[in-house]
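One structure below.
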Amino acid sequence: MKRYLIFVAVGPALGGFALLLVTTYLSGYWTDTNPGEVAKLFKVFVTSLQYSYLFGFLPALMMCAIDDILFHVRRIPPTLRMLLVGGIAFLLAAFNYASHGSDYGVMQWILYGLVGFIPATVSSWLVHKFVQEPQPATAN
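When we follow UniProt numbering, the leftmost residue of the sequence shown carries the number 1, and every step to the right adds one.
Printed below as a string of structure tokens:
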């Protein structure tokens, strides 16, 4: 249960912030940066955080379910599990976001993929670091 709480608490916030950074970068917002624009970015992040949780709740639960399934496979070490969960989230986010809009290319695909990779990997690492779960029993 703690695994799911960590994914739901951390994933949407990190994913929303990463999505905000990617969309502002791709729109050309960062061509002339000053402290006022950075403050605007964080103001937009805080005001849109509720929507990050609204729309990121179910994807975070899905990534947590994948992490939970991979946890019960004894042959997969924690580092590989984190990378697998991050890789699956990368592919899902890249296919979901990068195929929309007029610009479509490798850079957009990678940046939007990172929107899924970062929160899934960080959440999986936090679960590994702070949740003490017993290893699954072996079948004889």
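Built from N, CA and C at the ideal position, the CB exists for glycine as well.
| said: Taking the straight line between their C-alpha atoms, what separation do you get for V10 and D32? | reply: One-based indexing of the sequence shown puts residue 10 at position 10. One-based indexing of the sequence shown puts residue 32 at position 32. Answer to the nearest angstrom: the Cα atoms are 30 Å apart.
| message | For Q108 and S123, I'd like the C-alpha separation in whole angstroms. | response | The sequence position of residue 108 within the sequence shown is 108, counting from 1. The sequence position of residue 123 within the sequence shown is 123, counting from 1. Near 23 Å, if we compare the C-alpha coordinates of S123 and Q108.
| query | Can you tell which of P35, G86 and A94 has its C-alpha closest to the C-alpha of W125? | reply | Counted from its first residue, the sequence shown places residue 125 at position 125. Comparing Cα positions, the closest option is G86.
| request: Classify E37 as helix, strand or coil using the three-state DSSP reduction. | output: The count along the sequence shown starts at 1 and reaches residue 37 at position 37. Three-state result, E37: helix.
| message | With a threshold of 7 Å on Cβ separation, who are the neighbours of W30 within its own chain once the five nearest residues in sequence on each side are excluded? | response | By 1-based counting over the sequence shown, the position of residue 30 is 30. The answer, listed in chain order, is T24.
| Under a three-way DSSP split, which group does Y104 fall into? | Against the sequence shown, residue 104 aligns to sequence position 104. Reduced to three states, the DSSP call for Y104 is coil.
| said: Using 8 Å as the cut-off, can you tell me whether the region 40-55 makes contact with the region 63-83, which would need three or more C-beta pairs spanning the two stretches below that distance? | reply: Proximity of the region 40-55 to the region 63-83 falls short of the contact definition, fewer than three beta-carbon pairs being nearer than 8 Å.
| For V131, which residues from the same chain have a beta carbon less than 8 Å from its beta carbon, with the 5 sequence-adjacent residues on both sides left out? | By one-based count along the sequence shown, residue 131 stands at place 131. Cβ within range, chain order: K2, R3 and I6.
| said: Under DSSP, the alpha helix (DSSP H) around P12 begins and ends at which residues? | reply: Within the sequence shown, numbered from 1, the residue matching residue 12 stands at position 12. For P12, the enclosing alpha helix (DSSP H) has its first and last residue at K2 to L26.
| task | State the Cα-Cα distance for the pair G113 and R81, rounded to the nearest angstrom. | result | Start at 1 with the first residue of the sequence shown, and residue 113 comes out as number 113. Start at 1 with the first residue of the sequence shown, and residue 81 comes out as number 81. Distance between the alpha carbons of G113 and R81 is about 18 Å.
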